[in-house]
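Structure first, commentary second.
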Amino acid sequence: MERAWTQSPPAVVLKPDEIHVWRVFVDEWLASLPQLRAFLSPDEQARAQKFYFERDRNCSIIARGVLRVLLGRYCALDPSMIMLCYNEFGKPDLASNDLSLPLYFNLAHSHTTIVYAFTYINRVGIDVEYMRTNIEYEELAEHYFSPVEKAQLQAMSIEQKMQAFFAGWTRKEAYIKARGKGLSIPLDSFDVTLLPDQDPRLLDCREDPQSVSHWTLYALPADPHYAGALALNGVCEHLQFWHLSPLF
């Protein structure tokens with residue numbers, strides 16, 4: 020069955036065998052900036068103010084504010100009461116995870132879209148990329164893709180190459196984000212499938228060979244302007260994809 024974004028229901032319950040994926044459009048939430056800013060910690064507010072461009076400041080506030088709104092739903096807390104901590108590579112986590120099951124989550128943003136993933140199953144990572152036509156994607160692939168992936172890309176038609184690059188890039192980013200180690204895992208140290216119509220898969224991982232049997236990749240619903248992927252340490256058959264409109 021083809022995946023699609025649907026409008027979120029008023030109440031949401033995350034079951035132990037589910038992944039909830041949320042999408043937010045930055046422009047829809049601009050009027051909610053004051054409320055979202057009030058939810059942020061002083062450190063998060065200071066971090067947002069460091070961005071030079073207003074659009075980047077706004078995106079940071081919305082991304083972190085909506086994260087707190089969603090975490091508040093799952094934890095039954097006011098968004099301003101959510102306490103976050105970060106590992107040495109910047110991956111966020113709940114500072115105090117007092118739920119009956121540990122809650123795993125991740126977020127990503129590109130251009131005017133933000134995505135989030137929440138699950139009780141195991142570690143999760145998510146990535147989204149706006150498919151810019153002015154990017155030197157073949158040069159990036161030459162630098163960051165593995166020999167197997169570069170060979171896949173070179174064998175494709177010009178029409179396939181750009182979408183395949185972004186499909187592969189988001190799959191790779193989602194995987195290293197889920198691992199929580201950032202670019203300390205070199206992007207060319209593992210192989211993923213590239214074609215958007217191929218099932219996303221981790222094909223090989225020289226850095227941790229057992230990963231191939233432990234990790235599952237998923238594509239986000241098709242979009243003409245964005246590529247997106249999800250990585251899970253485990254398997255999930257129940258994924259929900261919701262678009263979140265402003266709540267206030």
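Each residue of the sequence shown is one higher than the last, beginning at 20 in the numbering used here. Here a beta-carbon is modelled for each residue, glycine too, at the ideal position from N, C-alpha and C. Since the model is a prediction, treat every value here as computed from it, not as a measurement.
Around the beta carbon of isoleucine 140, 16 or more other beta carbons lie within 10 angstroms, which makes this residue buried. The continuous beta strand (DSSP E) containing threonine 132 extends over residues 132–138. Around the C-beta of serine 99, fewer than 16 other C-beta atoms lie within 10 Å, and the residue is accordingly described as exposed. The alpha-carbon of leucine 33 is positioned some 27 Å away from that of glycine 201. Cα atoms of histidine 39 and leucine 258: separation of roughly 6 Å, rounded to the nearest angstrom. Nearest neighbour of aspartate 46 by Cα position, chosen from Thr131, Thr212, Glu161, turns out to be Thr131. For the alpha helix (DSSP H) assignment, the uninterrupted runs of no fewer than 4 residues enclosed by the segment 68–126 are, from N- to C-terminal side, 73–94.
For glutamine 182, the CB contacts under 6 Å within the same chain, skipping 5 residues up- and downstream, are Pro215 in chain order. DSSP places alanine 183 in the uninterrupted alpha helix (DSSP H) bounded by 177–198. For cysteine 255, the closest alpha carbon among the candidates Phe137, Arg76, Ile195 is that of Phe137. Proximity of the segment 117–131 to the segment 170–179 falls short of the contact definition, fewer than three beta-carbon pairs being nearer than 8 Å.
Here phenylalanine 260 really is in contact with alanine 23; their C-beta atoms are around 7 Å apart, less than 8 Å.
Contact annotation: leucine 103 and leucine 96 have beta-carbon atoms that are not nearer than 8 Å. In the structure shown, phenylalanine 58 falls within a helical segment according to DSSP collapsed to helix, strand and coil. Residue range 230–233 is occupied by the alpha helix (DSSP H) that includes histidine 233. If the five residues before and after arginine 42 are omitted, its C-beta is found closer than 6 Å to the C-beta atoms of Trp24, Val134, His262, all from its own chain and listed in chain order. A buried status is given to serine 79, since no fewer than 16 other beta-carbon atoms sit within 10 Å of its beta-carbon.
Around phenylalanine 70, the same chain offers Arg76, Ser79 as residues with beta carbons nearer than 7 Å, after the five sequence neighbours per side are excluded.
Here alanine 82 has Leu126, His128, Ile133 as same chain residues with Cβ atoms under 7 Å from its own Cβ, once five neighbours each way along the sequence are excluded. With 16 or more neighbouring CB atoms inside 10 Å of its own CB, threonine 189 falls in the buried class. DSSP links phenylalanine 44 through a beta bridge to Thr132. By alpha-carbon distance to leucine 206, the top candidate from Pro166, Val88, Pro219, Gln229 is Pro166. Around the C-beta of aspartate 146, 16 or more other C-beta atoms lie within 10 Å, and the residue is accordingly described as buried.
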